[in-house]
């Protein structure tokens, strides 16, 4: 079993920054990929960024150059550094962990970008 706990969300002004964290516990392997997704009100959940055990990353076009995903395998934690935030980044952000048999999700953390 795997548990994921996100933190770091909040209210930030446009142009500001936030760093989200996702702490994983349980049967975690550093080989398996982790990622961040987001869901805005009335919209479907969408990919933000993913990272493998190494340095291979993938980003949605809408966040390239502004967001950075990273991973500390010793701490079983994945981070999402979000810079130059825009109002359209407002959403609930979720991390996931893909094991060999299923995908686990955290409970989400809310990010609101507003002046």
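In my numbering, the protein residues as written are 349 to 463. Glycine included, every Cβ here is placed at the ideal spot set by N, Cα and C.
Note: residue 406 is bridge-paired with 398 in the DSSP secondary-structure output.
The beta carbon of residue 380 lies closer than 8 angstroms to those of 401, 445, 446, 447 and 448 in the same chain, with the five residues before and after it left out.
Comparing alpha-carbon positions, the option among 359, 373, 404 and 366 lying closest to residue 425 turns out to be 373. In this structure, the beta-carbon distance from residue 375 to residue 353 does not fall below 8 angstroms.
Bounds of any beta strand (DSSP E) do not take in residue 412, whose DSSP letter is neither H nor E. Residue 462 holds the alpha-carbon nearest to the alpha-carbon of residue 436 among 415, 416, 442 and 462. Per DSSP, the continuous beta strand (DSSP E) segment holding residue 426 begins and ends at 425-430.
Annotated three-state conformation of residue 354 is strand, per DSSP. Using a 10 angstroms sphere on the CB of residue 363, the tally of other CB atoms stays under 16, which defines it as exposed. Within the same chain, Cβ atoms closer than 6 angstroms to the Cβ of residue 357 are found at 457, 458 and 459, the five residues on either side in sequence being excluded.
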